[in-house]
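Every number in our numbering is 12 more than the matching position in the sequence shown, counting from 1. These notes concern the structure reproduced below.
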Amino acid sequence: MPLLTLRLSADATLADALKTLRLTEDEVDMPFGLVPVDPAAGLFALRVSDTAAARLTTGVPLVQIYADPRISPTESDA
């Protein structure tokens with residue numbers, strides 16, 4: 013799931029983000045939730061489906077989308 017950052021009011025909730033971005037719960041990683049990156053500046057992170065990310069790349073100001081690759085430990089034969 014792509015990770016996006018968006019600008020909201022400092023006291024924003026996940027419901028506020030869904031409403032602002034016109035997303036459904038099925039399009040969002042609900043357990044991840046809305047993560048405050050810098051709430052004083054109104055900056056939050058949210059994981060969304062690929063389809064939602066594609067839709068949000070056009071026409072939604074103050075939203076930036078990033079890859080969120082799965083990170084796992086590497087095995088060493090040492």
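For glycine and all other residues, C-beta sits at the position ideal for the given N, C-alpha and C.
Here the alpha carbon of Thr70 sits roughly 40 Å from the alpha carbon of Glu87. In terms of Cβ geometry, Leu20 and Thr36 do not form a close pair [threshold 8 Å].
With respect to Val40, Leu30 sits close: the two C-beta atoms are nearer than 8 Å. Taking C-beta atoms under 8 Å as the contact rule, Thr17 and Ala57 qualify, at a distance of about 5 Å. Burial check for Arg59: the Cβ neighbour count within 10 Å reaches 16 or more, so the residue is buried. Residue state for Asp50 is assigned as strand, using DSSP reduced to three classes.
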